[in-house]
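Letter by letter, the sequence shown follows residues 4 to 393 of my numbering.
These notes are about the structure you will find just below.
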Amino acid sequence: MILKPPQPISGLLTGALATLLIACTAPAPSDEPARAPLAPPELRSPPAESAQAVPIGQPSASASTPSAPIVWRPDRPLRYTVRKGDTLWDIAGRFLRDPWRWPEVWHANPQVRNPHRIYPGDVLELAMVNGQLMLQPAEPPIPVTRLSPRIRREPLDEAIPALPYERIEPFLTQTMPIDREGLKNAPYVLRPMHAEQLIMGAGDRLYVRGTDAPAGSAFQVVEDKGVALIDPDNRKRLGHQVDVLGTIRILQAGDPAEALIIQSRREVRVGNRLLPVPESPMTPDLLPGAPTNPVSGRILLLSNAIARAGQYQSVTLGLGSAEGLQVGHVLSIYRGERSMRDPVRGGQVTLPPAVIGEVLVFRVSEHFSQALIVRSTRGIQVGDRVANPS
Numbered sequence: 004m005i006l007k008p009p010q011p012i013s014g015l016l017t018g019a020l021a022t023l024l025i026a027c028t029a030p031a032p033s034d035e036p037a038r039a040p041l042a043p044p045e046l047r048s049p050p051a052e053s054a055q056a057v058p059i060g061q062p063s064a065s066a067s068t069p070s071a072p073i074v075w076r077p078d079r080p081l082r083y084t085v086r087k088g089d090t091l092w093d094i095a096g097r098f099l100r101d102p103w104r105w106p107e108v109w110h111a112n113p114q115v116r117n118p119h120r121i122y123p124g125d126v127l128e129l130a131m132v133n134g135q136l137m138l139q140p141a142e143p144p145i146p147v148t149r150l151s152p153r154i155r156r157e158p159l160d161e162a163i164p165a166l167p168y169e170r171i172e173p174f175l176t177q178t179m180p181i182d183r184e185g186l187k188n189a190p191y192v193l194r195p196m197h198a199e200q201l202i203m204g205a206g207d208r209l210y211v212r213g214t215d216a217p218a219g220s221a222f223q224v225v226e227d228k229g230v231a232l233i234d235p236d237n238r239k240r241l242g243h244q245v246d247v248l249g250t251i252r253i254l255q256a257g258d259p260a261e262a263l264i265i266q267s268r269r270e271v272r273v274g275n276r277l278l279p280v281p282e283s284p285m286t287p288d289l290l291p292g293a294p295t296n297p298v299s300g301r302i303l304l305l306s307n308a309i310a311r312a313g314q315y316q317s318v319t320l321g322l323g324s325a326e327g328l329q330v331g332h333v334l335s336i337y338r339g340e341r342s343m344r345d346p347v348r349g350g351q352v353t354l355p356p357a358v359i360g361e362v363l364v365f366r367v368s369e370h371f372s373q374a375l376i377v378r379s380t381r382g383i384q385v386g387d388r389v390a391n392p393s
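Structure, rendered in structure tokens:
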């Protein structure tokens, strides 16, 4: 919740993702409307100032406000205490049918410093604000005598993330979509330093051409061909999806330049292409939202899957910035139209497409993008349609 590689996610989860809420501190005086909690606040110690939280960020101008009403889960709790190991998506899913719509129901006090923060131990509650049901941080209790006061500290790596990054990282960093010209014109591996080598791996030195990057620059080594990305509706070739084989660092600039393989997933060979190392595709301030304009396209490819994919796997979409798609957009996945015989009137009747999941876009190019499956009720297949959330 960044040739140029597809744009990386930048300041949602993310993602999207984004973290959900704020550090509970004593409220500052403000003129905002009175809030009526649905349950009395629980006593807890406020987080120490040194505790690290993740900023949620502010809704971007590109994020639309869907006209459909918010659907609250019937089994939602009245309040929830944030725990270590929680993610934004999980917490929002406890309250909403569509977790990505949490920015529409989050009510923060603008007078509080860093209002969009969340810590393990924070208490969230439902409240009526101006006649609408909202989610907000519980007010801190009036100080009481404590028998054993102690400062709670959270390590930097314990901040609440937008999504479980350690589970989804392989699907986000091991493949890369790129347009045909970008791959064709990318720098490439010339040969290993020792000519007798046929394949190379971590620790080996090699020569590369096509870049004037200075010493210390890093590149991803990718396949020189990859899998063609073809739009199934018009059969147009959009680009290639390539596997990331490893990472190199330039040791000495020049033509050719000398480089070192610092990490490898698979063997590196002569002719493999080089792409700049992208920023992390998931940042904590990723903010989800629906596209502002109608979009519709197909799933072109499944990453690290053969026939079907599920939650927290990535897919490549035949939609990009040219169609108005942006990082953080959420799309519904639709299984194609089906027809059946009408047993009463006879003849064939076409059934509407069924929603079988949602994806969150985390990397966008001009005519294609990569997205993460954040929910699925059935196995996701190549050819399934993605469009604005229903």
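Note that the Cβ used here is the ideal one computed from N, Cα and C, for glycine as well.
Keep in mind it's a predicted model, so treat the numbers as computed, not measured.
For Gly204, which residues of its own chain have a beta-carbon under 8 angstroms away from its beta-carbon, when the five flanking residues on both sides are left out?
Gly249, Ile264, Ser267, Glu270 and Val271
Do Ser324 and Ala178 count as a contact pair if the criterion is CB distance below 9 angstroms?
A quick correction: the sequence has Thr, not Ala, at residue 178. The answer is no: Cβ separation not under 9 angstroms.
Of all the options Asp89, Glu184 and Val85, which has the alpha carbon lying nearest to the alpha carbon of Glu369?
Glu184
Skipping 5 residues on each side, what residues in its chain have a beta carbon closer than 8 angstroms to that of Ser74?
Just to set this straight, residue 74 is Val in the shown sequence, not Ser. For Val74, where only same-chain residues beyond five positions count, the Cβ hits under 8 angstroms are Leu99, Arg100 and Asp101.
Touch test, the stretch 376-392 against the stretch 341-350, Cβ-Cβ under 8 angstroms, three pairs minimum:
no
With 16 other Cβ atoms within 10 Å as the buried cut-off, status of Asp387
buried
Reduced DSSP secondary structure (H/G/I, E/B, other) of Gly229:
coil
What do you get for Ser306, buried or exposed, if any count of 16 or more other CB atoms within 10 angstroms of its CB means buried?
buried
Run through DSSP, which three-state label would Thr176 get?
helix
Sequence-distant residues of the same chain with beta carbon closer than 8 angstroms to Gly339, five excluded per side:
Pro356, Gly386, Asp387 and Arg388
Whole-angstrom distance between Val230 and Ala308, CA atom to CA atom:
13 angstroms
With respect to the beta strand (DSSP E) encompassing Leu81, which residues constitute its N-terminal and C-terminal limits?
No beta strand (DSSP E) contains Leu81, which DSSP labels as neither H nor E.
Per DSSP, what kind of secondary structure is Glu409 in: helix, strand or coil?
What the structure shows of the chain is the stretch from 4 to 393, and residue 409 is not part of that stretch, so it cannot be assessed.
C-alpha distance - Asp345 paired with Pro392, whole-angstrom precision:
29 angstroms
Using a Cβ distance threshold of 8 angstroms, determine whether the stretch 326-333 contacts the stretch 291-306, with at least three qualifying pairs required.
yes
Separation of Asp78 from Trp103, as counted between CA atoms:
18 angstroms
Could you tell me if Pro158 is buried or exposed, where buried requires 16 or more neighbouring beta carbons within 10 angstroms of its beta carbon?
Per-residue confidence for Pro158 stands at a pLDDT of 44, beneath the threshold of 50, marking its modelled position as unreliable; the derived number appears in the next sentence. Under this definition Pro158 is an exposed residue.
How many Å lie between Tyr210 and Pro259 at the Cα?
6 angstroms
Pull up the distance between the alpha-carbon of Ile202 and that of Val273, whole angstroms please.
8 angstroms
Contact between the stretch 80-96 and the stretch 121-128 is defined here as three or more beta-carbon pairs at a separation below 8 angstroms; is this criterion met?
yes
With 16 other Cβ atoms within 10 Å as the buried cut-off, status of Pro190:
buried
Give me whichever residues DSSP pairs with Arg76 in a beta bridge.
None; Arg76 has no bridge partner.
Taking the C-alpha atoms as reference points, what is the distance between Glu1 and Leu290?
Only positions 4 to 393 of the chain appear in this structure, which leaves residue 1 out of reach.
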